[in-house]
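Notes for the one structure printed next.
Residue numbers (UniProt numbering): 1 to 108.
Here's what the structure looks like:
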């Protein structure tokens, strides 16, 4: 009986892990799609202004869409990758090891 319960628990844990991983992949896919559209559309808009407009290219109006949409994209990135995406604990540990290796090779 205990063996059956362990199998059921393992199945639930595996299914739960799979569902979490699937959700994470969907979040990443959504962010990368958002970032791709951001680049493509803003390049198109800036290109249109550059080639078809008599206005100054370096005005705020030319880049306002990219600026404000970029703020939204930044919040999307924070939602997907978390607030510690840039300077996470693993990043710190990797950098410490890197500097220790540099010091070690410097003295050899």
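Virtual Cβ for every residue (Gly too), placed ideally from N, Cα, C.
{"query": "Helix, strand or coil: how does DSSP classify residue 82 here?", "result": "coil"}
{"query": "According to the Cβ coordinates, are residue 49 and residue 62 closer than 8 Å?", "result": "yes"}
{"query": "CB residue 73 to CB residue 35, shorter than 8 Å?", "result": "yes"}
{"query": "Just checking my contact of residue 44 with residue 80 at CB under 8 Å: how many whole Å lie between their CB atoms?", "result": "Contact flag wrong, Cβ pair sits at about 25 Å."}
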